[in-house]
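The block underneath contains the structure these notes are about, expressed in structure tokens.
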Amino acid sequence: MNPVIRIFITAWQLGMAIAAVLGVGLGLLSFAKPRQSIQLYQVIMVWFNWRVVPINEAKELRNTRVLGAILVFLSLVDAWLLTK
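Each number in this note's numbering corresponds to the 1-based position in the sequence shown with 1 added.
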């Protein structure tokens with residue numbers, strides 16, 4: 002295999018592994034502590050001069066928890082595919 006292609010594939014795999022680890026971490030945060038996950042998002046958006054406020058907090062907490070679980074699942078699938 003061409004060395005340039007091999008380096009590209011290795012860099013891509015490293016990037017996907019980092020994305021999987023970050024995805025599991027953020028997904029667990031969102032699932033276990035949805036309020037803190039929302040607050041983290043609000044802090045990040047302040048850097049871009051945006052204010053984000055949930056309209057329905059109970060619904061936002063529920064959705065954050067569900068999406069956190071989905072993110073953990075997809076990140077684990079990503080990690081599993083990297084081992085193939």
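Ideal Cβ positions, reconstructed from N, Cα and C, are used throughout, including at glycine.
- Boundaries for Val53: no alpha helix (DSSP H) harbours it, and the DSSP string shows neither H nor E there.
- In the three-state reduction of the DSSP assignment, Lys60 falls in the helix class, which pools H, G and I.
- DSSP places Thr65 within a helical segment (H, G or I) once states are collapsed to three.
- The beta carbon of Gly24 lies closer than 8 Å to those of Leu72, Val73, Leu75, Ser76 and Asp79 in the same chain, with the five residues before and after it left out.
- Contact between Glu61 and Ile45 fails: their C-beta atoms lie close to 16 Å from each other, not under 8 Å.
- DSSP places Thr11 within a helical segment (H, G or I) once states are collapsed to three.
- Taking the Cα positions, Val67 is about 7 Å away from Phe32.
- One alpha carbon belongs to Trp81, the other to Ile8, and they sit about 21 Å apart.
- In its chain, beyond the 5 residues on either side, Gln14, Met17, Ala18 and Ala21 have a beta carbon closer than 8 Å to the beta carbon of Leu83.
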